[in-house]
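Colleague: Quick note, the sequences are listed as chains U and W, same order. Mapped onto the numbering used here, the consecutive letters of the first sequence carry residue numbers 8 to 332. Mapped onto the numbering used here, the consecutive letters of the second sequence carry residue numbers 8 to 332. We put the CB at the ideal spot given by N, CA and C, even for glycine.
There are 2 protein chains.
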Amino acid sequence: MKEDQANPAQYLISTVSKRSGVKADLIRAWERRYEAVSPSRTEGRQRIYTDQDIARLRLLNQATNNGHSISQIARLSLNELHSLITKDMHTSNQTQPHIRPIRGDKHELLDDYLEKCFSAIIAFEATVLERHCENAIAELGPMSFIEQLLTPLLTKMDESLQAGLLRPAHEHMATSIIRSLAYILRTNRPCSRQAPRMIMSTPTGQLHETGALLAMIIAEFKGWHVTYLGANLPAEEIAAAVKYTHARAVAINISFRNDDSVIIKEIRRLNTLIGKDVTLIAGGRAAVDYQTILDEIGAFRVNNYDHFKLVLDGLRAQTSFQDYA
Amino acid sequence: MKEDQANPAQYLISTVSKRSGVKADLIRAWERRYEAVSPSRTEGRQRIYTDQDIARLRLLNQATNNGHSISQIARLSLNELHSLITKDMHTSNQTQPHIRPIRGDKHELLDDYLEKCFSAIIAFEATVLERHCENAIAELGPMSFIEQLLTPLLTKMDESLQAGLLRPAHEHMATSIIRSLAYILRTNRPCSRQAPRMIMSTPTGQLHETGALLAMIIAEFKGWHVTYLGANLPAEEIAAAVKYTHARAVAINISFRNDDSVIIKEIRRLNTLIGKDVTLIAGGRAAVDYQTILDEIGAFRVNNYDHFKLVLDGLRAQTSFQDYA
DNA sequence: TGTTCTGTGTCAAATTTTTGTAAAGGTATT
DNA sequence: AATACCTTTACAAAAATTTGACACAGAACA
């Protein structure tokens, strides 16, 4: 356990430049003028950067492109940079999901992050896990992070839990961290008034909400106005939320096969309560176990996030004309 | 205690102009003539604005468009501007009542925010609730937000829930929003390696985690390195987390009086598992119901956040020499 | 009615500051 | 030796600053 076990400083400036998108000259200028990063040095005075430095530079790059002055933001923390950029998206009505020119070996990069995150979980290092996730979000972008890093990570966690390699405490810790990242991941865009609305929740007895949370983020990316209700909610409450918000769709996440009779009853009840005009979508690892009931009532069941996106697009297209101002 | 605002983001005039919709020239004129804003300066005299300044200018812009004279409203507080504009919306042709610039009346400000947040909850407007909370955090700072706005709000929500004024769906929605704010509220300071560590969770059967979440944030403010585990965790798991992290204290939150035998058993088990060297702290609305067992095993019970802070300080002082870098 | 005063928004010129880029000459690494 | 880095210095474009002036609408005044 030395100074920074999980973070062996390792990258040279050319690598950092490629991965962050900031030219090497400029990286040095930013360091010299504003101490934007503080890399350590080799014996021969060459700069050595960490993952965090890369994430920083990437965010700084994005923020300056958004019109911020480098001198003013150079010393902000990763966290602060995140919220800064989130706010930018929030205000400047149409900042596109930023370019992610991850050139080179993306696969290796993902594996690297996956390994690092998993190690942090095993070591019960919440702070390290959080930092790695923040870095990954900055480098990969929210979507890739969710689909290509987080999903495999959650799967791996689940397997390890089954295998007894991890304890529930590990999983709780990791889940809390991941959940807290939702704020960064969400593109708090103003969400035009005509955006179709959706309720996202988890039926009674389903306590795990990670899946629902990520699905919410994805739906928001797809332009939906999602009202997120958390986990473990009875059908009447979900239906009430639909009425209040005039939602056009309800998505529920089923991660575990607890007590079939309860879930099936809840689904059936929810279906009758929301009426025919509201689309019901069910996803999650255990949703497949309820295929029959879902078919019977004419609800969608989605297998994965791509499938979910397709269904969402279909719903948007199918209904009244939307303005894509 | 420095003023450690969660919002050190700073903007130059061009950004401010774009975001607020007020031309840069005019912003300067308003400052020169009416001190509408008071930006700080860089070394080279460039103006530096905060988020609040932007909000201010946006409101001033809107108010002037509504016919108000800039010289009359330039010095109103954020909050007063808010109510001015909402009043404009409601009473389209009313003689504007005397809006006294009663700044400094924090009580009124808090009541106003409380009212707005609660209305947003009743109306099931998640987005509005979130925006009000974000504004309040910017204006009040994280600590005041938690202790003076959020705590009363949660109490009020609870009463309304009991009275049938709100449905559980309302509460779930609001809780999700509040939880997502944790990321902003947390002082993600590096947390020096010598910071005392603490495990925060909620025992089996206790599904509400808002209290634990806020307690975590407060403990972090107090310089603790908190590992947050979420809700509904068996004693063995909490104890395992203590072992992994070498935590010096465990805090559990008990919000509801569910099944006494379970909770008492869990507390007792937790106490034996963590050993004598680890301090157990219990808080939450229903913690008082378990006073006897807590006394018996020599655990702390805290009544409120101030009490919690006192206990935390006591623990820090009592143990080995800490660095207050 | 006509004149003046005041409050407001806008513009322009001259000057500074900020910031990305680059060249030159030396050092490390492979 | 070839390539990649480092430091220092310089430079030019973009953005901000200050100062002062101007236009115009309403209010005040004669």
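#1: Consider the Cβ of His314 of chain U: report whether some Cβ of chain W lies at a distance smaller than 8 Å.
#2: So, with DSSP's three-state summary, where would you put Leu173 of chain W?
#3: One question on the structure: do Val29 of chain W and Asn68 of chain W come within less than 8 Å of each other, judged by their Cβ atoms?
#4: Considering just the uninterrupted stretch of the alpha helix (DSSP H) at His232 of chain W, what are its terminal residues?
#5: How many angstroms separate the CA atom of Asn310 of chain U from the CA atom of Gly290 of chain U?
#6: For Arg293 of chain U, does the three-state DSSP call read helix, strand or coil?
#7: Return helix, strand or coil for Leu19 of chain U, following the three-state DSSP convention.
#8: Measure how close the beta-carbons of Leu66 of chain W and Ile34 of chain W come, nearest whole angstrom, since I'm counting them as under 8 Å.
#9: Are any of the Cβ atoms in chain U nearer than 8 Å to that of Gly230 of chain W?
#10: For Ser45 of chain U, which three-state DSSP category applies?
#11: Give the range of the alpha helix (DSSP H) segment to which Asn142 of chain U is assigned.
#12: Please go through the same chain and pick out, in chain order, the residues whose beta-carbon is closer than 7 Å to the beta-carbon of Ala222 of chain U, but skip the five residues on each side of it.
#13: Put Pro241 of chain U into one of helix, strand or coil per three-state DSSP.
#14: Listing by chain order, which chain W residues have their CB less than 8 Å from the CB of Gln79 of chain U?
#15: By the 8 Å beta-carbon criterion, what residues does the region 212-243 of chain U contribute toward chain W?
#16: Over the uninterrupted alpha helix (DSSP H) stretch that includes Ser4 of chain U, give me the two end residues.
#17: Gly237 of chain W: buried (16+ other C-beta within 10 angstroms of its C-beta) or exposed?
#18: Do you know offhand how far His215 of chain U's Cα is from Val269 of chain W's?
#19: Nearest-angstrom Cα distance between Leu317 of chain W and Arg308 of chain W?
#20: With DSSP as the reference, label Leu221 of chain W as helix, strand or coil.
#21: Does the Cβ of Ser45 of chain U have 16 or more other Cβ atoms within 10 Å, making it buried, or fewer, making it exposed?
#22: Let me know if Gln298 of chain W comes out buried or exposed under the rule of 16 or more other beta-carbons within 10 Å of its beta-carbon.
#23: Compute the Euclidean distance between the alpha carbons of Ser76 of chain W and Ile61 of chain W, then round it to the nearest angstrom.
#24: By a C-beta neighbour count over all protein chains shown, 10 Å radius and 16 as the cutoff for buried, is Thr49 of chain U buried or exposed?
#25: Report the neighbours of Gly305 of chain U on chain W: residues whose CB is nearer than 9 Å to its CB, in chain order.
#26: Between the beta-carbon of Pro210 of chain W and the beta-carbon of Ala247 of chain W, is there less than 8 Å?
#27: By how many angstroms is the C-alpha of Val135 of chain W removed from the C-alpha of Thr234 of chain U?
#28: How about Ser84 of chain W and Tyr41 of chain W: are their beta carbons less than 8 Å apart?
#29: Within 10 angstroms of the Cβ of Lys229 of chain W, are there 16 or more other Cβ atoms? Answer buried if so, exposed if not.
#30: Please name the residue in W:Ala31, W:Ile245, W:Thr158 whose C-alpha comes closest to that of Ile288 of chain W.
#31: Is the CB of Met150 of chain U under 8 Å away from at least one CB in chain W?
#32: How long is the line joining the alpha carbons of Phe152 of chain W and Phe131 of chain W, rounded to whole angstroms?
#33: Ends of the beta strand (DSSP E) at Val285 of chain W?
#34: Any beta carbon from chain W within less than 8 Å of Pro175 of chain U's own beta carbon?
#35: Which of the residues in the region 263-284 of chain W, read from start to end, lie with their CB under 8 Å from any CB of chain U?
#36: Distance cutoff 8 Å, beta carbons only. Does Gly291 of chain U sit that close to anything in chain W?
Modeller: By the coordinates alone:
#1: In the first sequence, the residue the question calls residue 314 of chain U occupies position 307. Nearest CB-CB separation between His314 of chain U and chain W: not below the 8 Å threshold.
#2: Taking the second sequence and counting its residues from 1, the one referred to as residue 173 of chain W is at position 166. Coil.
#3: The residue given as residue 29 of chain W occupies position 22 in the second sequence. The residue given as residue 68 of chain W occupies position 61 in the second sequence. Less than 8 Å divides the Cβ of Val29 of chain W from the Cβ of Asn68 of chain W.
#4: As a working mapping, residue 232 of chain W is identified with position 225 in the second sequence. His232 of chain W -> not in any alpha helix (DSSP H); beta strand (DSSP E) instead, spanning 232-235.
#5: Here residue 310 of chain U is taken as the residue at index 303 of the first sequence, counted from 1. Here residue 290 of chain U is taken as the residue at index 283 of the first sequence, counted from 1. Here the C-alpha atom of Asn310 of chain U lies approximately 6 Å from the C-alpha atom of Gly290 of chain U.
#6: Numbered from 1 along the first sequence, position 286 holds the residue referred to as residue 293 of chain U. Here the sequence assigns Ala to residue 293 of chain U, which means Arg is not the residue at that position. Coil.
#7: Here residue 19 of chain U refers to the residue found at position 12 when the first sequence is read from its first residue. DSSP places Leu19 of chain U in the coil class of the three-state scheme, outside both helix and strand.
#8: One-based indexing of the second sequence puts residue 66 of chain W at position 59. One-based indexing of the second sequence puts residue 34 of chain W at position 27. Contact flag wrong, Cβ pair sits at about 13 Å.
#9: Within the second sequence, residue 230 of chain W is the residue found at index 223, counting from 1. With 8 Å as the cut-off, Gly230 of chain W does not count as an interface residue toward chain U.
#10: Your numbering for residue 45 of chain U matches position 38 in the first sequence. Coil at Ser45 of chain U, not helix or strand.
#11: As a working note, residue 142 of chain U is residue 135 in the first sequence. Its alpha helix (DSSP H) spans residues 133-147.
#12: Against the first sequence, residue 222 of chain U aligns to sequence position 215. Around Ala222 of chain U, the same chain offers Met207, Ala258, Asn260, Gly290, Phe315 as residues with beta carbons nearer than 7 Å, after the five sequence neighbours per side are excluded.
#13: Here residue 241 of chain U refers to the residue found at position 234 of the first sequence. Reduced to three states, the DSSP call for Pro241 of chain U is coil.
#14: Here residue 79 of chain U refers to the residue found at position 72 when the first sequence is read from its first residue. The answer, in chain order, is Gln17, Tyr18, Leu19, Thr49, Ile55.
#15: Across the region 212-243 of chain U, CB contacts with chain W closer than 8 Å involve Leu214, His232, Thr234, Tyr235, Leu236, Gly237, Asn239, Leu240, Pro241, in sequence order along the chain.
#16: Since the first residue shown for chain U is 8 and the last is 332, residue 4 of chain U is missing from the structure and cannot be characterised.
#17: In the second sequence, counting from the first residue as 1, residue 237 of chain W sits at position 230. The residue is buried, with at least 16 neighbouring Cβ atoms inside 10 Å.
#18: Reading the first sequence from its first residue, position 208 is the one you call residue 215 of chain U. Reading the second sequence from its first residue, position 262 is the one you call residue 269 of chain W. Roughly 22 Å between the two C-alpha positions.
#19: Here residue 317 of chain W refers to the residue found at position 310 when the second sequence is read from its first residue. Here residue 308 of chain W refers to the residue found at position 301 when the second sequence is read from its first residue. Rounded to the nearest angstrom, the gap between the Cα atoms of Leu317 of chain W and Arg308 of chain W is 12 Å.
#20: Within the second sequence, the letter at position 214 stands for residue 221 of chain W. Helix.
#21: Taking the first residue of the first sequence as position 1, residue 45 of chain U is located at position 38. The residue is exposed, with fewer than 16 neighbouring Cβ atoms inside 10 Å.
#22: As a working note, residue 298 of chain W is residue 291 in the second sequence. Label assigned to Gln298 of chain W: exposed.
#23: Along the second sequence, read from residue 1 onward, the residue named residue 76 of chain W stands at position 69. Along the second sequence, read from residue 1 onward, the residue named residue 61 of chain W stands at position 54. So the two alpha carbons sit approximately 19 Å from each other.
#24: Within the first sequence, the letter at position 42 stands for residue 49 of chain U. By the neighbour-count criterion, in which 16 or more other beta carbons inside 10 Å mark a residue as buried, Thr49 of chain U falls on the exposed side.
#25: As a working mapping, residue 305 of chain U is identified with position 298 in the first sequence. None at all; the shortest Cβ gap to chain W is about 24 Å.
#26: For the purposes of this step, residue 210 of chain W is taken as residue 203 along the second sequence, with counting starting at 1. For the purposes of this step, residue 247 of chain W is taken as residue 240 along the second sequence, with counting starting at 1. No; because the gap between Cβ atoms is not below 8 Å, this pair is not in contact.
#27: Looking up residue 234 of chain U in the first sequence gives position 227. Looking up residue 135 of chain W in the second sequence gives position 128. Between Thr234 of chain U and Val135 of chain W, the alpha-carbon positions lie close to 12 Å from each other.
#28: For the purposes of this step, residue 84 of chain W is identified with residue 77 of the second sequence, where counting begins at 1. For the purposes of this step, residue 41 of chain W is identified with residue 34 of the second sequence, where counting begins at 1. The beta carbons of Ser84 of chain W and Tyr41 of chain W sit no closer together than 8 Å.
#29: Numbered from 1 along the second sequence, position 222 holds the residue referred to as residue 229 of chain W. The residue is buried, with at least 16 neighbouring Cβ atoms inside 10 Å.
#30: On the second sequence, position 281 is the one that residue 288 of chain W refers to. Nearest Cα to Ile288 of chain W within the set W:Ala31, W:Ile245, W:Thr158: W:Ile245.
#31: For this step, residue 150 of chain U is matched to residue 143 along the first sequence. By this cut-off, Met150 of chain U is not an interface position.
#32: In the second sequence, counting from the first residue as 1, residue 152 of chain W sits at position 145. In the second sequence, counting from the first residue as 1, residue 131 of chain W sits at position 124. Distance between the alpha carbons of Phe152 of chain W and Phe131 of chain W is about 21 Å.
#33: Position 278 of the second sequence, counting from 1, holds the residue named residue 285 of chain W. No residue range can be given for Val285 of chain W, since it is assigned to no beta strand (DSSP E) and is classified by DSSP as neither H nor E.
#34: To locate residue 175 of chain U, count along the first sequence from 1; it is residue 168. Closer than 8 Å to some Cβ of chain W, the Cβ of Pro175 of chain U qualifies, so yes.
#35: Of all residues in the region 263-284 of chain W, none has a Cβ within less than 8 Å of some Cβ in chain U.
#36: Reading the first sequence from its first residue, position 284 is the one you call residue 291 of chain U. It does not; no Cβ of chain W falls within 8 Å.
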